[in-house]
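There are 2 protein chains.
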Amino acid sequence: MTRTTVRRVPEKSRPDRHALNAVLDASLVAHVGIVDDGQPYVLPMACARDGDRLLLHGSTGSRLMRALADGAACCATVTLLDGLVYARSAFESSMNYRSAMVFGQARPVPDPLDALRLLTEHLLPGRWETLRAPTRKELAATSVLELPLQEWSVKVGDGPPEDDPADLTAPVWAGVLPLALQAGEPVDAPDLQVAAPAAPVVAPAIVALADKAADWGHM
Amino acid sequence: MTRTTVRRVPEKSRPDRHALNAVLDASLVAHVGIVDDGQPYVLPMACARDGDRLLLHGSTGSRLMRALADGAACCATVTLLDGLVYARSAFESSMNYRSAMVFGQARPVPDPLDALRLLTEHLLPGRWETLRAPTRKELAATSVLELPLQEWSVKVGDGPPEDDPADLTAPVWAGVLPLALQAGEPVDAPDLQVAAPAAPVVAPAIVALADKAADWGHM
Chain A
67 MTRTTVRRVP EKSRPDRHAL NAVLDASLVA HVGIVDDGQP YVLPMACARD
117 GDRLLLHGST GSRLMRALAD GAACCATVTL LDGLVYARSA FESSMNYRSA
167 MVFGQARPVP DPLDALRLLT EHLLPGRWET LRAPTRKELA ATSVLELPLQ
217 EWSVKVGDGP PEDDPADLTA PVWAGVLPLA LQAGEPVDAP DLQVAAPAAP
267 VVAPAIVALA DKAADWGHM
Chain B
67 MTRTTVRRVP EKSRPDRHAL NAVLDASLVA HVGIVDDGQP YVLPMACARD
117 GDRLLLHGST GSRLMRALAD GAACCATVTL LDGLVYARSA FESSMNYRSA
167 MVFGQARPVP DPLDALRLLT EHLLPGRWET LRAPTRKELA ATSVLELPLQ
217 EWSVKVGDGP PEDDPADLTA PVWAGVLPLA LQAGEPVDAP DLQVAAPAAP
267 VVAPAIVALA DKAADWGHM
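Chains as they are written, first to last, in the working numbering: chain A, 67 to 285; chain B, 67 to 285.
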């Protein structure tokens, strides 16, 4: 049994690569675990999938980031919270989610400008082409790593509560409250100096968020 | 204090401990890192703070969960994504977030029933008292761990983009698109057998989600 086998709840395991891509493409943040002197650390990092690699972005200079860039064994986990599951018992109550774990060794990307563009486009779709090009100094101060998608697992919890038949007549509502990351009203920068409306700028991100929400019945 | 300052301080520091509490209380899922044979693993687990401990809930029986319950060094990280930051350069573009890391050793809770109630109340507020009590068998099959809040750090990125003064006249909108986990329309269980409306059941969770969203200007 390998470390990417989902051991406990095999029916929640999705072995196909399409499921991995779907979960990663819906995620903006990965929680990246590395070990330093026996102590695990879990760092939140911006992420974006590009083909067979997961791009990870963090601040340069920290000891843990250097260890990560130097190829320390890591585990990048993404989790999307899709719903609160109201079962008829506390025991069966749970959350619906999509989660992926990727194991391996990260390394600095060979193409920092392209990787920064891909990350920016994933997080702020449509924004890149409206901005000036990064300076050489900025690129040097940006650390983008890539983690190959070679060893991974995907777990999905979805659907309605699965109650014990004896509980079905309990006098309570049962079902799912769907959850999704959603956008509020854009807030202008206080030093905004140009007459530029926010709506067309943030619209692609709002569309992308809707795409990232769980597609009930099509996972 | 800039938005990238790590508030890594002794636990006595009350204001910062308030920040830790606020971040943990707003989180439903922790990403828990442990090491097995040199390999880090990052597991998503339901979480709820109770006083000076973080309750963590996972399925019993897996090797990693047993290692965690046996006191393996761990790191529980929670991250709330609060906004997309549209700066005038890709370099300054970022995300607003609240994140906390808690280091230590977890152990099985001494009070499983109370811990299960606290977790259920955190995830599905108001639900516990409407459900039957867990059976002894269910309690035995439920693994709730507690991680003491002794060593931790909190990181918050908030506020508007911080652009290079030379970029301020770039002909683009700049600002923040706030993000928050929000609820959709409740979905009845297909086997719902009682005439029970969803709205009053899910209302407390919807209120709690609003409380968990970033309070602009009051962080």
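Just so it is clear, CB atoms sit at the ideal spot from N, CA and C, and this is done for glycine as well.
Below 7 Å on C-beta distance, what does residue i contact in chain B?
i, result
"residue 240/A", "255, 258"
"residue 226/A", "255, 256"
"residue 133/A", "Ordered by position in chain B, no residue passes the 7 Å Cβ test against residue 133/A, which lies about 11 Å from the chain."
Please return the same chain residues whose Cβ sits closer than 7 Å to the Cβ of residue i, not counting the five positions on each side in sequence.
i, result
"residue 245/B", "147, 148, 149, 150"
"residue 285/B", "With a pLDDT of 41 at residue 285/B, under the threshold of 50, the modelled position of this residue cannot be trusted; read the value that follows with caution. Counting only Cβ-Cβ distances below 7 Å, and skipping sequence neighbours, we find 222, 224."
What is the rounded straight-line gap between the Cα of residue i and the Cα of residue j?
i, j, result
"residue 251/B", "residue 251/A", "21 Å"
"residue 191/A", "residue 174/B", "44 Å"
"residue 72/B", "residue 219/B", "Bear in mind that the predicted position of residue 72/B carries a pLDDT of just 46, short of 50, making it too unreliable to give a figure here."
"residue 124/B", "residue 135/B", "10 Å"
"residue 231/A", "residue 267/B", "21 Å"
"residue 184/B", "residue 162/A", "19 Å"
"residue 262/B", "residue 238/A", "6 Å"
"residue 121/B", "residue 229/B", "40 Å"
"residue 166/A", "residue 234/A", "32 Å"
"residue 104/A", "residue 128/A", "18 Å"
"residue 113/B", "residue 277/A", "27 Å"
"residue 269/A", "residue 260/A", "19 Å"
"residue 117/B", "residue 117/A", "44 Å"
"residue 206/B", "residue 206/A", "54 Å"
If you drop the 5 nearest sequence neighbours on each side, which residues of the same chain put their C-beta closer than 8 Å to that of residue i?
i, result
"residue 107/A", "99, 100, 101, 130"
"residue 227/B", "151, 152, 153, 154, 158, 159, 160, 240, 241, 242"
"residue 274/B", "191"
"residue 202/A", "none"
Less than 8 Å separating the beta-carbons of residue i and residue j?
i, j, result
"residue 223/B", "residue 159/B", "no"
"residue 139/B", "residue 213/B", "no"
"residue 194/B", "residue 187/B", "yes"
"residue 254/B", "residue 264/B", "yes"
"residue 111/B", "residue 96/B", "yes"
"residue 181/A", "residue 144/A", "no"
"residue 168/A", "residue 215/A", "yes"
"residue 132/A", "residue 87/A", "no"
"residue 236/A", "residue 200/B", "no"
"residue 247/A", "residue 247/B", "yes"
"residue 249/B", "residue 279/B", "no"
"residue 189/A", "residue 94/A", "yes"
"residue 176/A", "residue 208/A", "no"
Report the neighbours of residue i on chain A: residues whose CB is nearer than 8 Å to its CB, in chain order.
i, result
"residue 246/B", "247, 248, 250"
"residue 155/B", "197, 198, 200, 204"
"residue 237/B", "260, 262"
"residue 104/B", "101, 139"
"residue 271/B", "150, 243"
Which residues in chain B sit within 8 Å of residue i, going by Cβ to Cβ distance?
i, result
"residue 194/A", "156"
"residue 95/A", "145, 147, 161, 163"
Sorted by chain position, which residues of the same chain lie with C-beta nearer than 6 Å to residue i's C-beta, five sequence neighbours on each side aside?
i, result
"residue 75/A", "Because residue 75/A carries a pLDDT of 47, less than 50, the predicted location of this residue cannot be relied on, and the following value inherits that uncertainty. The answer is none, since no qualifying residue turns up."
"residue 37/B", "The structure shown does not extend to residue 37/B, since chain B is modelled only from 67 through 285, so no value can be given for it."
"residue 119/B", "212, 214"
Along chain B, which residues have their Cβ under 9 Å away from the Cβ of residue i?
i, result
"residue 171/A", "Under the 9 Å cutoff, chain B gives no residues; its nearest Cβ is about 11 Å from residue 171/A."
Going by Cα to Cα distance, which pick from the options is closest to residue i?
i, options, result
"residue 82/A", "277/A, 259/A, 217/A", "217/A"
"residue 85/A", "117/A, 164/A, 113/A", "164/A"
Given that residue i touches chain A, what residues does it touch there, using C-beta distances under 7 Å?
i, result
"residue 214/B", "Correct list: empty, because the minimum Cβ distance to chain A is about 16 Å."
"residue 89/B", "Within 7 Å Cβ-Cβ: nothing; residue 89/B doesn't reach chain A, min ~12 Å."
"residue 234/B", "257, 259"
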